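Residue numbers (this note's numbering): 634 to 800.
As structure tokens, then:
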């Protein structure tokens with residue numbers, strides 16, 4: 634049971650993103666079947682599919698960031714010795730923590746500014762849709778801080794034998 638919980642924790646973002654992507658695909662397929670087999674679709678499917686896809690994108694971005702799978706340009710850093718690369722990596726992690734945290738903060742401001750806005754079809758508060766941005770960038774901020782702490786420990790120790798916190 635403990636191993637299962639650890640695997641769920643480590644893969645939380647991937648599982649959640651996959652669930653939202655499955656909802657997106659499922660409701661779109663349902664609507665296609667209803668439209669071509671029964672000559673009519675459900676009017677709310679597009680809004681549900683768009684919302685689920687948005688959540689999948691932002692949670693999936695956090696999952697990719699956690700595994701350091703985002704595209705990075707390391708051509709310049711490869712020119713430097715290992716110790717300098719470690720410092721550059723720490724500076725980049727600090728910048729990413731600040732940027733991700735700032736976007737998370739801006740998304741909270743956006744939610745507050747639009748808190749009375751509702752979706753046109755389902756008439757649910759739009760904040761539930763916009764919250765995807767906050768959750769995604771909030772998770773990326775947390776991962777940035779984890780990377781920063783790990784890199785700081787590595788710089789102090791002067792070696793690269795500490796396991797990654799995100800694995």
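Backbone N, C-alpha and C define an ideal beta-carbon position, used for all residues, glycine too.
Since this is a predicted model, take the numbers as computed values, not measurements.
Cross-strand partners of residue i (DSSP beta bridge)
i           : result
residue 751 : 758
Per-residue burial, residue i [other beta carbons within 10 Å of its own, 16 or more giving buried]
i           : result
residue 670 : exposed
residue 662 : exposed
residue 676 : exposed
residue 702 : exposed
residue 711 : exposed
residue 666 : exposed
Sequence-distant residues of the same chain with beta carbon closer than 6 Å to residue i, five excluded per side
i           : result
residue 762 : 684
residue 695 : 646, 769, 772, 773
Residue i: first and last residue of the uninterrupted alpha helix (DSSP H) it sits in
i           : result
residue 671 : Per DSSP, residue 671 belongs to no alpha helix (DSSP H) and is neither H nor E.
residue 726 : 715–746
residue 638 : 635–643
residue 693 : 678–699
Q. Does the region 778–788 come within contact of the region 740–748, defined as at least 3 CB pairs closer than 8 Å?
A. Result no; under three Cβ-Cβ pairs closer than 8 Å.
Q | Stretch pair the region 748–757 + the region 714–725: three plus CB contacts closer than 8 Å | A | The count of Cβ pairs closer than 8 Å, one atom from the region 748–757 and one from the region 714–725, stays below three, leaving the stretches out of contact.
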